[in-house]
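Given below as structure tokens:
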């Protein structure tokens, strides 16, 4: 639905001119940055050019925002408004890593609200939160929904489901078992609580397919909702509609039903408003297109440099990696492992350069996994990200490589000359950095995908 992955069949229809926001599972803001600065970098990457100062995030209708009540992004008023909506105004100067888990989750939601998306998709927003913290996050999402943004979230928590307007119960295998209000789900499954629904879906036989068949027949009744029998029908061949038949279809088309379209469709379309419908004021809607790659590179370079200047643990890695490689050279020289041809020394130096390049990016890559997932969803250029990293780290790698070659050069082991050896080690460091940069950032801080 969000577009994060292409559909295997069917068509996804979205409002024209509006983007979707995405909040992945786990942390997706730099922990060392002050909260307000982290959101300002997000605002620059999104190119939010014009918003209503109050109505855009507080539920005011598009036509209610007077032309003179719009502000530019120069002073970042959307950041202040997003923090206010999330209840984090007093924490704007606090590092993101110092916030409580629910405050960090609300901070990420605030970052997505900067471009006021038409829909907001969240992966397990209350995972790893206690009930009180989860309730605080859900209260924020309720305010967001009341402001006109459709909120879609995945959860395995009955407490979360009870606070939603509609629930979609998906059984194992992707079977659609129910769609409707939470209260109606209790009667439909014959359960006293939402927790019991999990038990209904985990019975003997093939309960997932059975509940899917039952919902298919239930959804075709004219009354809309009738008291269903206490038990699902006996297990048998499931009758499922093709995707194009309507919102209650599930799974593959049954063999005894004609397929509407034999071709697999991978469509994500924008929906044009119907003729005669009220049109929103274009100036009220924020321009949430991603910034140009050149501007993204400039913003990402400044952010990477600031993160590096604030992250003391990363500074230890940057300083310690070349020192450790240099000490290894001393040990190798002391035990005679580098005696003989100069090519042996150069080979060890090249290996040290690769290790330095890996060490300078791999730790940050793991920490930035969730950040990259969220920002690439909103249009972040991969090329701009890689170029920004190289811009910040290349001077540091050049200094580290000179340090790595210090001992072999002093001991006169570089028979090819220092300049040629330095170039080879620097290129090897860039190769190590490139390897670290292309490692898929699919595993987030909680180990999920």
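Numbering (this note's numbering), first residue to last: 921 to 1369.
Idealized CB from N, CA, C, for every residue including glycine.
Owing to the predicted nature of the structure, the values given are computational and were not obtained by experimental measurement.
Contact between residue 1034 and residue 959 holds, with the beta-carbon distance rounding to 7 Å and staying under 8 Å. Scanning 1088, 1081, 1091 for the CA closest to the CA of residue 1113 turns up 1081. Between the alpha carbons of residue 1058 and residue 1074 lies a gap of roughly 12 Å. Take the alpha-carbon of residue 1344 and the one of residue 1230: they are about 31 Å apart. A buried status is given to residue 1320, since no fewer than 16 other beta-carbon atoms sit within 10 Å of its beta-carbon.
Cα atoms of residue 1280 and residue 1340: separation of roughly 23 Å, rounded to the nearest angstrom.
Cβ contact annotation for residue 1083 (same chain, cutoff 6 Å, sequence separation greater than five): 1058, in chain order. Pairing residue 1085 with residue 932, the inter-Cα distance amounts to about 21 Å.
Around the CB of residue 1013, fewer than 16 other CB atoms lie within 10 Å, so the residue is classed as exposed. By the 16-neighbour rule on beta-carbons within 10 angstroms, residue 941 is buried.
Counting only residues of its own chain and dropping the five nearest sequence neighbours on each side, residue 953 has a CB closer than 8 Å to the CB of 961, 1015, 1016, 1223, 1226, 1227, 1230. Every alpha helix (DSSP H) of 4 residues or more that sits fully in the region 1011–1085 is shown, in chain order, as 1021–1033, 1051–1066, 1078–1082.
The C-alpha of residue 934 lies about 22 Å from the C-alpha of residue 1090. For residue 1334, no alpha helix (DSSP H) segment is defined, and its DSSP state is neither H nor E. By DSSP's assignment, residue 1094 forms no beta bridge with any residue. If you check the CB distance, residue 1265 and residue 1315 do not come in under 8 Å.
Here DSSP, grouped into helix, strand and coil, assigns residue 1264 to helix. Leaving aside the five residues that flank residue 1331 on each side, the residues in its chain whose CB is nearer than 7 Å to its CB run, in chain order, 1253. Residue 1107: member of the alpha helix (DSSP H) spanning 1102–1109, first to last residue.
For residue 1358, there is no enclosing beta strand (DSSP E), as DSSP marks it with neither H nor E. For residue 1102, the CB contacts under 7 Å within the same chain, skipping 5 residues up- and downstream, are 1081, 1082, 1084, 1087, 1114 in chain order. Per DSSP, residue 952 lies in no beta strand (DSSP E) segment and is marked neither H nor E. One thing to note: residue 1273 has its Cβ within 8 Å of the Cβ of residue 1349.
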